[in-house]
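> Structure below; questions to follow.
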Amino acid sequence: MPLAATTEALPLTINTEEYPPFNYTDDQGQIIGSATLLLRNALRQADIEAYFRLRPWARAYTEARLRDNHCVYSTTRTQEREALFHWVGPLVVNEWAAFSLAERGLSIASLSELHAWRVGSFREDAVGDYVASRGINVLLAPSERENIARLKAGLLDVIVTGKATGEFMAQEQDIALAHLFTFYRAPLYLACHPSVPEALLARLQTQLDTLHRNAQEESQ
Numbered sequence: 468m469p470l471a472a473t474t475e476a477l478p479l480t481i482n483t484e485e486y487p488p489f490n491y492t493d494d495q496g497q498i499i500g501s502a503t504l505l506l507r508n509a510l511r512q513a514d515i516e517a518y519f520r521l522r523p524w525a526r527a528y529t530e531a532r533l534r535d536n537h538c539v540y541s542t543t544r545t546q547e548r549e550a551l552f553h554w555v556g557p558l559v560v561n562e563w564a565a566f567s568l569a570e571r572g573l574s575i576a577s578l579s580e581l582h583a584w585r586v587g588s589f590r591e592d593a594v595g596d597y598v599a600s601r602g603i604n605v606l607l608a609p610s611e612r613e614n615i616a617r618l619k620a621g622l623l624d625v626i627v628t629g630k631a632t633g634e635f636m637a638q639e640q641d642i643a644l645a646h647l648f649t650f651y652r653a654p655l656y657l658a659c660h661p662s663v664p665e666a667l668l669a670r671l672q673t674q675l676d677t678l679h680r681n682a683q684e685e686s687q
């Protein structure tokens, strides 16, 4: 069902992935998470109709890049991606971190030390791309949760992901992950195909800014 009624000719199709705690599905298959809640509220207040769909990240991202009226979140705004999309945000801030199984007792303190280890990420992920750009060989999985399975199976030594995501998945799957180090802070955005009208996205940005401002005032 659409999120809200609107006068826009076409609704937005908003893709996302399983990337807790920012965007993921609950036991009933509903897309939830901190970024999802914020985005739904901003869309509602901006009176913009949107359909949310869960996809593997590579597909979610590619559809938003190639298809009219498609968007994707939560997306890292990199130099390589900048001109490909119209951007709304930030939604949340993501800290990038390296994790290993706690039982391994690994002592790794920086990206430069990862060259000797089997490092996992997933396809089209900005975290893995960033690590690979430092000359580190990164093994790519279809999804974030697949990397947890590969860690448990001994196929990986380290995964690089969002700090909050790693902690969430460790609790979800009842495994002990060791946080090795944090190496970057990246705001996450809604990235939209250039066909999406800029006036519509400006309206959405205004409502998002208002929600952020109200939340900040309430926390003081």
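Just so we're on the same page, our numbering is the position in the sequence shown counted from 1, plus 467. All C-beta atoms, glycine included, are put in the ideal place defined by N, C-alpha and C. Computed from a predicted structure; not experimentally measured.
1) Is it buried or exposed, Glu685, if we count other Cβ atoms within 10 angstroms and call 16 or more buried?
2) Within 10 angstroms of the Cβ of Val560, are there 16 or more other Cβ atoms? Answer buried if so, exposed if not.
3) I'd like to check one pair, Ala502 with Thr545: are the Cβ atoms closer than 8 Å?
4) Opposite Trp563 in the DSSP bridges: which residues?
5) Whose C-alpha, out of Glu570, Pro488, Ser662, is nearest the C-alpha of Glu611?
6) Express the C-alpha separation of Cys659 and Phe552 in angstroms, rounding to a whole number.
7) Evaluate Thr649 with the Cβ neighbour count: other Cβ atoms within 10 Å of its Cβ, from every protein chain shown; 16 or more gives buried, anything less gives exposed.
8) Below 8 Å, how does it come out for the region 480-494 and the region 620-640: are there three or more Cβ pairs, yes or no?
9) Measuring alpha carbon to alpha carbon, tell me which of Arg520, Arg680, His646 ends up nearest Gln497.
10) Just the C-alpha distance for Pro661 and Ala531, rounded to the nearest angstrom, thanks.
Per the coordinate set shown:
1) On the sequence shown, residue 685 is found 218 positions in, with the first residue counted as 1. Result: exposed.
2) Here residue 560 corresponds to residue number 93 of the sequence shown, with the count starting at 1. Result: exposed.
3) Walking along the sequence shown from the start, residue 545 turns up at place 78. Walking along the sequence shown from the start, residue 502 turns up at place 35. It is not a contact, given that the beta carbons lie outside the stated cut-off.
4) Taking the sequence shown and counting its residues from 1, one reaches residue 563 at position 96. Partner(s): Gly629, Tyr651.
5) The residue labelled residue 611 in the question sits at position 144 within the sequence shown. Comparing Cα-Cα distances from Glu611 to each of Glu570, Pro488, Ser662, the minimum goes to Pro488.
6) Taking the sequence shown and counting its residues from 1, the one referred to as residue 552 is at position 85. Taking the sequence shown and counting its residues from 1, the one referred to as residue 659 is at position 192. Spanning the two alpha carbons is a distance of roughly 5 Å.
7) As a position in the sequence shown, residue 649 is number 182, starting the count at 1. Per the 10 Å Cβ criterion, exposed.
8) Touching, yes.
9) By 1-based counting over the sequence shown, the position of residue 497 is 30. Checked all of Arg520, Arg680, His646; the closest Cα to Gln497 is Arg520.
10) Locating residue 661 in the sequence shown gives position 194, where the first residue counts as 1. Locating residue 531 in the sequence shown gives position 64, where the first residue counts as 1. Roughly 9 Å between the two C-alpha positions.
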